[in-house]
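Asker: Structure provided below as structure tokens; questions to follow.
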Amino acid sequence: MPQETNIPNKSILTPFNVVAGIIILAGLVITVLRFTKGLGAVTNLDDNNPWGIWIGFDLLCGVALAAGGYVTSAACYIFGLKRYHSAVRPAILTAFLGYALVVLALHYDVGRPWRLPYPIFLSPGTTSLLYEVGLCVFLYLAVLFIEYSPAALEWLGLKKVRNLIVRMTLVLTIFGVVLSTLHQSSLGALFMIAPSKLHPLWYSNYLPVYFFISSIFAGLSMVIFEGTLAHRFLHHKMDATHLRESEGVALGFSKAASFVMMGYLSVKLIGISVDNNWHLLFTGWGLWFLLELIGFVALPAFLYSLAVRERNLRWARWAAALSVLGVVLNRLNISVVAFNWYLPSAQRYVPSWMEIGTSIFIVTLGVVIYRFITTRMPIFYEHPDFRHDI
Amino acid sequence: MGVTRRKFLGWVGAAAVGTTSMMVPKARAASNKHFEGYPGSFGVLHDTTRCIGCRKCEEACNRVNDLPSPARPFDDLTVLENPRRTSAAAFTVVNRFESDAGEPVVFAKNQCNHCLEPACASACFVRALRKDKTGAVVYDASLCVGCRYCMVACPFNIPAYEYDEPLTPRIRKCHLCQFRIEKGLLPGCVETCPTEALAFGERDRLLKIARQRIDKFPGRYVDHVYGEREMGGTSWLYLSPRPFNQIAMREDLGVQPASRFTSGPLSAVPIVVGLWPVLLTGIYAISKRKDKIAQQERIEAVATTVADANDEMKTKMAELKDKMTREREAMINLEIKKALKEAAEKEDA
Ligand code: SF4
Ligand code: SF4
Ligand code: SF4
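Sequence lines, in order, name chains A and B. So the first sequence is numbered by numbering that gives the first Met the number 0: it starts at 0 and just counts up by one. So the second sequence is numbered by numbering that gives the first Met the number 0: it starts at 0 and just counts up by one.
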């Protein structure tokens, strides 16, 4: 796959392009259906199950997995861990694309997407956590765009503007952390309004805390995971600094992730104790809950710490993949699986293939745009004109 | 469910109930008292022991709200064989509940309960839903974005959505016939009900009537008025001959209004906004300072090394000089000795 970017005039019918092309085509067909026939024709949503995977995966997982942006830039610019500098740009790019796609996905899900600015500009419903989410995502998307823009400006050769923006790095980073803290946690708090619908093992007053902490290790893991893929397919785009630092980034982030995940586990235990839900662990739901917690949090946390001790990149990558899956599982559990758990199975929601198709379509769009940008703009390398200039 | 004395509900922040047109929010926000509905606001008392399951209320609702005509006519009572919920085409549905031990069948009508502090309104991020002073929870389709968070939030699973409208879907639910109340008319269903299973009036009065009926016929009713406290209280009130969970009305909802569940995270916002920037700037300053100190130490270390080297050099030079001087002196002495010796030898010769 990486060759075709090396040899530009080769046929464009590479396996990657063909598969991506088919997915995008299918996505466009579903898009037409959605906007001519309505949600009913495309999704399995109904009056009891108003939110499906477009919220559970596209919104909740999208935002959590895009947390690498604020985590990496905070590590580098606020905590002064300069050795992670080469990881900042790819992370910011992923975050920016991630959030942009989240907003795109919302256009499919909500009834009248052109009214999405209403809550912010026309009639703010400040009692709603969704309002907080909307406002923060909107502002953070703007922040991410500005944070990402130096790469594009270097590519375009616009030195002055670029330097101006680079000088605002610290302020932007702090702003980004504040906004991320707010909306990452609020996404969890969204479900606090419905204690009668979410299974008690997942419902907790700590939901916002869980969501925020898990966004940190989701972000860290995504940086490692994405780094793995990038190394395989975009190796030739990386400069010596990036290659030299990447192992340190992976191991450093592994260490941080294992600590944060241990913290997450303890807060989860506190949550179970506070609500005294121990007895529920021995039900079917309890087993599912334990699988999420042990198989996809405790296990990768342990793998991460082993990887750090043995300086073993392979394990770090496995741990990252597991953690990413774990965060996806957690978000889907809360929004879809354990939501409405009490309803008879005939009334439960299972996504339609077109819903899944749309989600795959949107992820594919992200990968294609990511590749377009990283093969052209200074993401994995420093632009020769701007080297060591922050 | 045991109805205990109303809990002391500390009202934290969040003007809740999501309306601008409210006259009391300020007073409420500042007090520790829990909102008990607008004084004189209306409600409906549904006495299920009087309901005969004729579906006339469904028909009237359909008519006054111009809803699409259903696939099966309203006088087809076989519809009652399957449990139903509200939908975009039916704001109210009557369900039939069989009993096991020869007890009479119970019919119960279901629709929006018009909560005193509605979960749906507190969840709406664009204030498309609000509690009106008539008691109705009303909806403004001209604001609605169609996010469906109100449906997630409603503990009674009431709001429905027009899933087949591609571009202009609305949330659909009972609005207590607010437009009729304002004209002095009864809600469609209440007006039609042939058995007075539905009674419209001020909520406070209805509550008294309900209590009186229970007192008068303790054998006929369970001792509970559903809606008096559920989720902070609702404008619709219910009486039942059987425990409410047997007629599909949840008894595990608690007495707290939904806005209480989210007031915690909402009140954390100012803390994050106020605290984070200060903390982060502090951390930045510390890490900067650490860098600086490290840098300084490095410079100093280099300087000392250089200085040490200099000193060493100097001593070496001095030694060298010393040595050289001494050597030279020795040489001169030697030369002198040699010269003297030579001179002496010449004299001898
Ligand atoms: S019953 Fe549901 S829809 Fe009706 S007011 Fe209460 S929360 Fe809103
Ligand atoms: S669907 Fe409409 S009424 Fe319901 S919460 Fe969203 S914007 Fe408000
Ligand atoms: S009209 Fe009255 S008696 Fe007939 S189903 Fe409706 S509530 Fe029951």
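Backbone N, C-alpha and C fix where the C-beta goes; we use that ideal spot for every residue, glycine too.
Determine, using beta carbons only, whether residue 85 of chain B comes closer than 9 Å to chain D.
Answerer: The structure shown contains no chain D; the protein chains it does contain are A and B.
Asker: Enumerated in chain order, which unbroken segments of the alpha helix (DSSP H) with a length of 4 residues or greater are wholly contained in the segment 119 to 201 of chain B?
Answerer: As far as the segment 119 to 201 of chain B is concerned, its whole alpha helix (DSSP H) runs of at least 4 residues are 148 to 152, 177 to 180, 187 to 191.
Asker: On the DSSP bridge list, what partners appear for residue 42 of chain B?
Answerer: Bridge partners of residue 42 of chain B: B:200.
Asker: Buried or exposed for residue 331 of chain B, going by 16 or more other Cβ atoms inside 10 Å?
Answerer: The residue is exposed, with fewer than 16 neighbouring Cβ atoms inside 10 Å.
Asker: Going along the chain, which residues of the segment 194 to 209 of chain A sit with their C-beta nearer than 7 Å to a C-beta in chain B?
Answerer: So the close ones are 194, 195, 204, 207.
Asker: Can you tell me where the alpha helix (DSSP H) with residue 17 of chain A in it begins and where it stops?
Answerer: Start and end: 14 to 36.
Asker: What would DSSP say about residue 105 of chain B, mapped onto helix, strand or coil?
Answerer: Strand, per DSSP.
Asker: Would you mind sorting residue 19 of chain B into buried or exposed? The rule is 16 or more other CB atoms within 10 Å of its CB.
Answerer: Low confidence applies to residue 19 of chain B: its pLDDT is 30, below 50, so where it sits in the model is not reliable, and the reading given next is rough at best. Flag for residue 19 of chain B reads exposed.
Asker: Find the nearest neighbour of residue 166 of chain B within the set A:309, A:313, A:38, judged by alpha-carbon distance.
Answerer: Cα-wise, what sits closest to residue 166 of chain B is A:38.
Asker: Chain B partners of residue 131 of chain A, CB-CB under 9 Å?
Answerer: In chain order: 124, 264, 265, 268.
Asker: Shorter than 8 Å, the distance from the beta carbon of residue 157 of chain B to the closest heavy atom of ligand 1, or not?
Answerer: Yes, ligand 1 has a heavy atom inside 8 Å of this Cβ.
Asker: Take every Cβ of the segment 191 to 199 of chain A, pair it with every Cβ of the segment 334 to 344 of chain A, and state whether three or more of those distances are shorter than 8 Å.
Answerer: Contact holds: three or more Cβ-Cβ distances are below 8 Å.
Asker: Would you mind reading off the limits of the alpha helix (DSSP H) that contains residue 347 of chain A?
Answerer: Unbroken run through residue 347 of chain A: none, as it is neither H nor E.
Asker: Using a Cβ-Cβ distance under 9 Å, would residue 350 of chain A count as near chain B?
Answerer: Chain B contact via Cβ: absent.
Asker: Taking only three categories from DSSP, how would you classify residue 42 of chain A?
Answerer: Three-state DSSP puts residue 42 of chain A in coil, outside helix and strand.
Asker: Along the alpha helix (DSSP H) that carries residue 92 of chain A, what are the first and last residues, could you check?
Answerer: First-last of the alpha helix (DSSP H) with residue 92 of chain A: 84 to 108.
Asker: Drop a sphere of 10 angstroms on the beta-carbon of residue 237 of chain A, count the other beta-carbons inside from all chains shown, and report buried for 16 or more, exposed for fewer.
Answerer: Residue 237 of chain A is buried by the Cβ-count criterion.
Asker: Any idea what DSSP makes of residue 280 of chain B, helix, strand or coil?
Answerer: DSSP places residue 280 of chain B in helix when its eight states are reduced to three.
Asker: Closest Cβ-Cβ distance between residue 93 of chain B and chain A: below 9 Å?
Answerer: It does not; no Cβ of chain A falls within 9 Å.
Asker: Are the beta-carbon atoms of residue 187 of chain A and residue 139 of chain A separated by less than 9 Å?
Answerer: No, the pair does not count as a contact, with Cβ atoms beyond the cut-off.
Asker: Can you pull the chain A neighbours of residue 145 of chain B, defined as C-beta to C-beta under 7 Å?
Answerer: Correct list: 109, 110, 111.
Asker: Residues of chain B with CB closer than 8 Å to the CB of residue 39 of chain A, please, in chain order.
Answerer: By Cβ distance, chain B contributes 162, 163.
Asker: Which whole-angstrom value describes the C-beta separation of residue 43 of chain A and residue 51 of chain A, a residue pair presumed to lie in contact below a C-beta threshold of 8 Å?
Answerer: About 7 Å separates the two Cβ atoms, so the contact holds.
Asker: Buried or exposed for residue 346 of chain B, please, with buried defined as at least 16 other CB atoms from any protein chain shown within 10 angstroms of its CB.
Answerer: Residue 346 of chain B should be labelled exposed.
Asker: Helix, strand or coil for residue 214 of chain A, going by three-state DSSP, please let me know.
Answerer: Reduced to three states, the DSSP call for residue 214 of chain A is helix.
Asker: Beta-carbon of residue 330 of chain B versus every beta-carbon of chain A: anything under 9 Å?
Answerer: No, no contact with chain A.
Asker: Is the segment 133 to 153 of chain A in contact with the segment 160 to 179 of chain B, if contact means three or more CB pairs nearer than 8 Å?
Answerer: Counting Cβ pairs under 8 Å, fewer than three are found: no touch.
Asker: Closest Cβ-Cβ distance between residue 96 of chain A and chain B: below 9 Å?
Answerer: Not closer than 9 Å to any Cβ of chain B, the Cβ of residue 96 of chain A fails to qualify, so no.
Asker: How far does the beta strand (DSSP E) with residue 92 of chain B in it extend, from its first residue to its last?
Answerer: Unbroken beta strand (DSSP E) run through residue 92 of chain B: 92 to 96.
Asker: Comparing the CB of residue 197 of chain B with every heavy atom of ligand 3, is any distance shorter than 8 Å?
Answerer: Checking every heavy atom of ligand 3 against the Cβ of residue 197 of chain B, one is found closer than 8 Å.
Asker: From the beta carbon of residue 370 of chain A, is the nearest beta carbon of chain B less than 9 Å away?
Answerer: Not one chain B Cβ lies under 9 Å of residue 370 of chain A.
Asker: Who are residue 235 of chain B's beta bridge partners in DSSP?
Answerer: For residue 235 of chain B, which the question treats as bridged, DSSP gives the partners B:43.
Asker: What span of residues does the alpha helix (DSSP H) with residue 154 of chain A cover, start to end?
Answerer: 128 to 155 is the span of the alpha helix (DSSP H), which, as asked, contains residue 154 of chain A.
Asker: Inspect the CB distances between the segment 253 to 269 of chain A and the segment 208 to 228 of chain A and report whether three or more fall short of 8 Å.
Answerer: Cβ pair count under 8 Å is three or more, so yes.
Asker: Please confirm whether residue 124 of chain A and residue 118 of chain A have their CB atoms less than 9 Å apart.
Answerer: Yes, the Cβ-Cβ distance between residue 124 of chain A and residue 118 of chain A is below 9 Å.
Asker: Give the residues of chain B in contact with residue 176 of chain A, contact being defined as C-beta atoms less than 7 Å apart.
Answerer: The answer, in chain order, is 275, 279.
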